[in-house]
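To start, the structure under review is shown below, and the notes come after it.
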Amino acid sequence: MIIGENIHKSFGDLEVLKGVDLHVKPQEVVVLVGVSGSGKSTLLRCFNFLEMINSGKITIDGHTIDPKKENLPQIRAEVGMVFQHFNLFPHKTVLENVIEAPITVKKMKKEEAKKLGMNLLRKVGLEEKADVYPSKLSGGQKQRVAIARSLAMEPKVMLFDEPTSALDPELVGEVLQVMKQLAEEGMTMVVVTHEMKFAKEVADRVIMIDEGRIIESADPKTFFENPQNERTKQFIQLVE
Amino acid sequence: MIELFSTVYEVFMRTYPGFLRATVVTLQLTAIGVILGTVIGLVFALMKISGSKILQGIANLYITVIRGTPLIVQIMFLYFGIVEIFTMNNFWAGAIALGVHNGAYIAEIFRGAIQGVDPGQREASMSLGMNRKQTMQRIVFPQALRRSIPPLGNQFIITLKDSSLVYIIGVSEIFSLANREAAQSFQPFESYLVVAMYYLVLVMIFTYLLRLYENKLDVDKA
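Protein chains in written order, with this note's numbering: chain A, 1254 to 1493; chain B, 361 to 582.
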């Protein structure tokens, strides 16, 4: 579904990604872990072209992307993204947040978009919040709206950039629950998270990124019980 | 004290028909200054965030020159420099000077408001497949406009008070009337006190309306 080959990315003199290869299969849930500054969020942002890679190749759904030639908005629409800080549109209601892109980008009729929006809000359990503004929601509710907003474009793959890191501990569960449900429905997902329990339960594969390189990639059981790399062992000890 | 009060009252009663007419002129000057300033400000703010070095340079030059010179000089320059060419009258020379002057300040207000919108908003919009234009129109500008309302209101109040400076080219707004009244009646103290009152009341009404509007915006969408 997403193939990254030999991805390099630098910010000025700082090389954040030093040749990353990652192949995410359809319906696969891949969890990226690593210490902060390791490059895992940057990798995610490259897959959505919010950051442009310096060299390497990104293929989405069998289609290799040349950022200079492509219609980037169209590609981004196929790759959903959920942010750490939700980034809901504060001047729009919950429902308006969800239907904004279908109406603006896909030129969907408003009535049709509303129906879609309400269905998605029901899916994340926030139907009754359709007409309130985001400022009235808890962090967990905001993130669930953000997930619904992203799903409204019917993406082929969803990227999650530390979706629960900005939440109070008691609100983490409701967001993970929605993500788990998505995974069960067969959504292809790449998740950057510090929630090891989620990684163990939901991931098909856990990948450790360290200093801009993938140093470990295994199914969750192997990853947590029998890690090969010293850095991975240290990391697991640290978070468990 | 009572004597002072009664002479002020006497001046007020004698002059209010003239002052009411002059108030209309002051409000017209302010309205044109504000509207023209907002249009100019929007254009130059867009030039500043355009990414084109040339457009940015032009906008910077404009803002630097206008903010770096006194309004009264700009009024005189426009009146004596341009009126002779286009045979504009003094009212329009004054109103345009106010607009040109305001434009520089309002440009900075808009630029600050646009750049002050959380970059995450742009990223979220783009991640949904919206292009740059859609992102600006539907996500960034509405939020920037909301952020710019308090400083814009402030700028409008400054414009109202600054409109007094066009007395220098003989526009019959309220300050020039106070000047005339002070000279003719030999009651400068009372005359300026009365005109100060007019400005104060106008500013208070303006402030009140502005607060109503801000509250309306904040109620549901803060």
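Where is the CB? At the ideal position from N, CA and C, for every residue including glycine.
Can you find a C-beta in chain B that's less than 8 angstroms from the C-beta of residue i?
| i | result |
| --- | --- |
| phenylalanine 1342 of chain A | yes |
| leucine 1379 of chain A | no |
| histidine 1261 of chain A | no |
| proline 1473 of chain A | no |
| asparagine 1301 of chain A | yes |
| phenylalanine 1336 of chain A | yes |
| alanine 1366 of chain A | no |
| threonine 1357 of chain A | yes |
| arginine 1466 of chain A | no |
| glutamate 1353 of chain A | yes |
| methionine 1406 of chain A | yes |
Just to confirm the assignment, what range does the alpha helix (DSSP H) spanning residue i have?
| i | result |
| --- | --- |
| valine 368 of chain B | 362–408 |
| threonine 424 of chain B | 413–427 |
| arginine 1402 of chain A | 1392–1404 |
| isoleucine 534 of chain B | 534–545 |
| valine 1429 of chain A | It should be noted that the sequence gives leucine, not valine, for residue 1429 of chain A. 1422–1437 is the extent of the alpha helix (DSSP H) around leucine 1429 of chain A. |
| aspartate 522 of chain B | 501–522 |
| valine 1347 of chain A | 1347–1357 |
| isoleucine 466 of chain B | 450–475 |
| glutamate 1380 of chain A | From DSSP, glutamate 1380 of chain A is part of no alpha helix (DSSP H); its letter is neither H nor E. |
| glycine 480 of chain B | 479–487 |
| lysine 1450 of chain A | 1449–1455 |
| leucine 1296 of chain A | 1293–1300 |
| valine 1492 of chain A | 1483–1492 |
Does the beta-carbon distance from residue i to residue j come in below 8 angstroms?
| i | j | result |
| --- | --- | --- |
| valine 1335 of chain A | alanine 1399 of chain A | yes |
| alanine 453 of chain B | isoleucine 400 of chain B | no |
| isoleucine 466 of chain B | valine 500 of chain B | no |
| lysine 1345 of chain A | glutamate 1353 of chain A | yes |
| glycine 1392 of chain A | leucine 1429 of chain A | no |
| proline 1326 of chain A | methionine 1406 of chain A | no |
| alanine 1452 of chain A | proline 1422 of chain A | no |
| lysine 1376 of chain A | proline 1387 of chain A | no |
| serine 551 of chain B | glutamate 541 of chain B | yes |
| phenylalanine 566 of chain B | isoleucine 518 of chain B | no |
| leucine 1341 of chain A | lysine 1367 of chain A | no |
| isoleucine 1306 of chain A | lysine 1262 of chain A | yes |
| isoleucine 1255 of chain A | valine 1443 of chain A | yes |
| valine 425 of chain B | serine 545 of chain B | no |
| glutamate 1525 of chain A | proline 1416 of chain A | Outside the shown range of chain A (1254 to 1493) lies residue 1525 of chain A, about which nothing can therefore be said. |
| methionine 490 of chain B | valine 1358 of chain A | yes |
| glycine 513 of chain B | alanine 455 of chain B | no |
| glutamine 1280 of chain A | glycine 1439 of chain A | yes |
| leucine 389 of chain B | leucine 488 of chain B | no |
Quick check on residue i - is its C-beta less than 8 angstroms from some C-beta in chain A?
| i | result |
| --- | --- |
| isoleucine 499 of chain B | yes |
| alanine 504 of chain B | no |
| threonine 567 of chain B | no |
| aspartate 580 of chain B | Legend: pLDDT at aspartate 580 of chain B = 48, less than 50; position of this residue unreliable, no value from coordinates given. |
| glutamine 481 of chain B | yes |
| serine 366 of chain B | no |
| asparagine 575 of chain B | no |
Can you tell me where the beta strand (DSSP E) holding residue i begins and where it ends?
| i | result |
| --- | --- |
| threonine 1441 of chain A | 1441–1445 |
| phenylalanine 1264 of chain A | 1255–1264 |
| leucine 1285 of chain A | 1282–1286 |
| serine 1308 of chain A | 1308–1313 |
| arginine 1329 of chain A | Segment 1325–1331 is the alpha helix (DSSP H) holding arginine 1329 of chain A; no beta strand (DSSP E) there. |
| glutamate 1469 of chain A | 1466–1471 |
| valine 1459 of chain A | 1458–1463 |
Could you round the C-beta distance between residue i and residue j to whole angstroms and report it? I think they count as a contact, below 8 angstroms.
| i | j | result |
| --- | --- | --- |
| glutamate 1258 of chain A | glycine 1309 of chain A | 6 angstroms |
| glutamine 515 of chain B | threonine 367 of chain B | Wrong, their Cβ atoms sit about 36 angstroms apart, outside the cutoff. |
| glycine 397 of chain B | glycine 472 of chain B | Not a contact, Cβ separation roughly 16 angstroms. |
| valine 554 of chain B | alanine 538 of chain B | 7 angstroms |
| methionine 1411 of chain A | leucine 1435 of chain A | 7 angstroms |
| alanine 391 of chain B | isoleucine 534 of chain B | Contact flag wrong, Cβ pair sits at about 15 angstroms. |
| valine 1283 of chain A | valine 1277 of chain A | 5 angstroms |
| glycine 1287 of chain A | isoleucine 1462 of chain A | 4 angstroms |
Positions along the region 1444–1458 of chain A whose CB lies within less than 8 angstroms of some CB in chain B: none
Selection of the region 467–497 of chain B by Cβ proximity to chain A, strictly under 7 angstroms: Gly480, Gln481, Glu483, Ala484, Met486, Ser487, Leu488, Gly489, Met490, Asn491 and Gln494
Contact list for the region 1309–1331 of chain A against chain D, Cβ threshold 9 angstroms: Among the protein chains of the structure shown, namely A and B, there is no chain D.
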